[in-house]
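Residue numbers (the UniProt record's numbering): 1 to 348. Note that CB positions come from ideal geometry on N, CA and C, so glycine has one too. On a predicted model such as this, the values are computed, not experimentally measured, just so you know.
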């Protein structure tokens, strides 16, 4: 029997930490070694997440109380942005790290400072970080020590748009991304704007023309185009727990249409276990991916000549966070990519 992979989850009491524990519970080799959560230190996993009470796990501890990392192979960081940099910089070199915060996603530390309100605290470490959307960077992820897990909002647009820009089938300029997310994307902390009475029976845009995922989206689109690209991105908060639906408006080149774009994506993602291309004229629902690591992509010809509407759907806590992180860990450790991620979507 293969040796277990010993896991530490920093910030284990949030929604993303819970999803990591749920997914790793079915992983063939994962063993939970350390769970940190400062406000929940001393509590059992079952006390924090009753639905995970049966999972073998150590009690939660404060991160400052962890002094011995010799019994750990992989660290998942689920800490708030601007805190992870210092924590990761202090970790021993033998550890493989998947960071689920925004701290290492932006290659340009000056862009990070502009959007996150302060200088990057580990610029040298940033140089070695790999942006880990597995389907688009598998060789780099396999060789990495530190992987920056993509943000939930950029994941669907990157998977849908990057291959089409690289192939010259769509105009990189003028892309519009209309995104809608469930409330779990805002985290588990108590916030007035996320109370049931504030969110239910309504929908609203937020971070309009100023959301922090904008430069992350544009970073990948610019790399695909080989030049600077800007996109219009507007997120909306929906009265649902999980899911992100992104509707993307693009201008196709020459005689390309929805069928052309879907055919290119089908070739690009042939054999991929988690990215599925739908038949022309079919668009995904968030309910079709709930609880899974899937990304579904569909496309329809717009009534406006030459324009195509692409739609992607993911579960923001799985392919948009914890599932993508486990997928990256599998690649980093040379394991089957689907290990711990074979769950089918839950419906209804």
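Item, Value
"By the 10 Å Cβ neighbour count, where 16 or more other Cβ atoms means buried, how is residue 217 classified, buried or exposed?", "buried"
"Quick one: is residue 203 buried, meaning 16 or more other Cβ sit within 10 Å of its Cβ, or exposed?", "exposed"
"Going by the beta-carbon positions, is the gap between residue 178 and residue 134 smaller than 7 Å?", "no"
"So what's residue 270 in DSSP terms, helix, strand or just coil?", "coil"
"What span of residues does the beta strand (DSSP E) with residue 299 cover, start to end?", "295-301"
"Can you confirm whether the stretch 109-126 touches the stretch 157-171 when touching is taken to mean that 3 or more C-beta pairs between the two stretches lie within less than 8 Å?", "no"
"In chain order, which continuous runs of the beta strand (DSSP E) of length 3 or greater are located wholly inside the stretch 232-264?", "232-237 and 244-251"
"Measuring straight from C-alpha to C-alpha, what distance separates residue 35 and residue 187?", "18 Å"
"So what does DSSP say about residue 203, is it helix, strand or coil?", "coil"
"For residue 171, which residues of its own chain have a beta-carbon under 6 Å away from its beta-carbon, when the five flanking residues on both sides are left out?", "251"
"Taking residue 314 and residue 295 to be in contact with their CB atoms under 8 Å, please state how far apart those CB atoms are, rounded to whole angstroms.", "5 Å"
"Using CA coordinates, which residue listed in 40, 312, 58 and 100 is at the minimum distance from residue 278?", "312"
"With DSSP collapsed to three states, give me the class of residue 36.", "strand"
"Thinking just about the alpha-carbon of each residue, which of 51, 342, 101 and 64 is nearest to the one in residue 320?", "101"
"Taking the C-alpha atoms as reference points, what is the distance between residue 274 and residue 293?", "6 Å"
"Mind pulling the beta strand (DSSP E) runs of 3 or more residues that sit fully within the UniProt domain \"Semialdehyde dehydrogenase NAD-binding\" (6-144)?", "30-36, 74-77 and 96-99"
"State whether the stretch 325-343 contacts the stretch 94-108, with contact taken as three or more CB pairs (one from each stretch) at a distance under 8 Å.", "yes"
"Grab me the residues of residue 92's own chain with a C-beta within less than 6 Å of its C-beta, minus the 5 sequence neighbours each way, in chain order.", "69"
"In angstroms, rounded to a whole number, what distance separates the CA positions of residue 230 and residue 165?", "13 Å"
"Work out the CA separation of residue 285 and residue 255 for me, nearest whole Å.", "28 Å"
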